[in-house]
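Each residue of the sequence shown is one higher than the one before, starting from 1 at the first, in this note's numbering.
Heads up, the beta-carbon is just placed ideally off N, CA and C, and yes, glycines get one too.
Please read these numbers as outputs of a predicted model, since none were measured by experiment.
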Amino acid sequence: STSVNTVVFRKNSVVSYKDYQFAAYYDSTGAVVLAKRKLGTDNWEIKTTSKKGNIQDAHNSISIMVDGDGFLHISWDHHGNGLRYAKSKEPLSLDLTQNIAMTGLHENKVTYPEFYKFNNGDLLFFYRDGASGKGNLVMNKYLVKEKRWLQLQNNLIDGEGKRNAYWQAFIDAKDAIHISWVWRESSDVSSNHDMNYAVSFDGGINWKKSTNENYTLPINIANAEIVCSIPQQSELMNQTSMYVNEKGAPFIATYFTSAKTHQPEYHLIYQKQNQWYVKQVSKRKGTFSL
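Laid out in structure tokens, this is it:
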């Protein structure tokens, strides 16, 4: 009952702050467990909290982050249900508050919680509002100096009630926020299609395509920039991974069946000198279908 701890879309399971490292996981009873150690040592302080999650559902992963003041933030146990969020009572502490709201807006149908951190210690929090094949991307920001959350976008990527985006995100060294995503047209995974991209250089308020063209928000299927055209029925996975190098160039790792292959292969979708490229990086001997 602990494979929920290893799902690929989880952000994050382990985070570090100054001289300390934190981890979070479910035990076999569904209890949320927190752990802390001083970097360079193997002595972990482990605390089983009173928080619980549905460990039979692999969607219900835990996400953690430590803000610029050393407070641990945690969100867990989501698959289309009300927000579960808490923070540590003191910096570097494993003692959590009761469940609290962030903004109180669009917090009834939460899935895929993700924390990210800016250079100044402020946080970003992403989640899907809605359901598979019918959902929107919400983005909140935590202001460390004011110790409060605000909602930057209540519907950054709009499913229009017909589809939803499965995304991966990255904050680069200059605090630009990069997002790539595939669309899903229904609850059927085989309806996943196309890799899309957007970037924000002002902390998530305004968004651009890689061509520097401004997006009109919310982003939807009509105006989204497709950086790799992938048809439905291509065994395209929902969320995989993205990285952005020191020059601000994104690299997206995913897998799908292309016209050149007869089975799903890993591909690297990347930008170089303002052009997008796709490179197959595996050569599998077997096949499978999602």
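Per DSSP, reduced to three states, the secondary structure at V227 is strand.
D42 and V8 have their C-alpha atoms some 26 angstroms from each other. With a minimum length of 3 residues, the unbroken runs of beta strand (DSSP E) contained wholly in the stretch 89-164 fall at 110-117, 123-131, 134-143 and 148-153. Cβ-Cβ separation between I62 and A24: approximately 5 angstroms, consistent with a contact (criterion under 8 angstroms). Excluding its 5 nearest sequence neighbours in each direction, S1 has C-beta neighbours in its own chain below 6 angstroms: S28 and I55, listed in chain order. Annotated as proximal: F125 and N140, with beta-carbon spacing under 7 angstroms.
A contact is defined here as three or more CB-CB pairs under 8 angstroms, and the stretch 145-154 fails this definition with respect to the stretch 172-180. Going by beta carbons, T103 and K87 fall outside the 7 angstroms limit. N60 sits in coil when the DSSP states are folded into three classes, being neither helix nor strand. With fewer than 16 neighbouring CB atoms inside 10 Å of its own CB, G40 falls in the exposed class.
Take D69, set aside five residues on each side of it, and the residues of its chain with a beta-carbon closer than 7 angstroms to its own are P91, G121 and V144, in chain order. If you draw a straight line from the Cα of C228 to the Cα of K117, it comes to about 28 angstroms. Residue pairing of N196 in beta bridges, as defined by DSSP: W181 and I226. One alpha carbon belongs to S289, the other to E114, and they sit about 28 angstroms apart. T49 places its beta carbon less than 7 angstroms from that of V32. Rounded to the nearest angstrom, the Cβ distance from T254 to T240 is 4 angstroms, consistent with a contact under 8 angstroms. About 5 angstroms separates the beta carbon of Q232 from that of S191, a gap short enough to meet the 8 angstroms contact definition.
Judged by DSSP in its simplified three-state form, S16 adopts strand. Rounded to whole angstroms, the gap between the alpha carbons of G130 and A101 is 18 angstroms. According to the DSSP secondary-structure assignment, K209 is paired through a beta bridge with no residue.
A Cβ-Cβ distance of about 16 angstroms is found for the pair A169 and M237, leaving them out of contact under the 8 angstroms criterion. Excluding sequence positions up to five before and after W276, its CB lies within less than 6 angstroms of the CB of V227, all in the same chain and listed in chain order.
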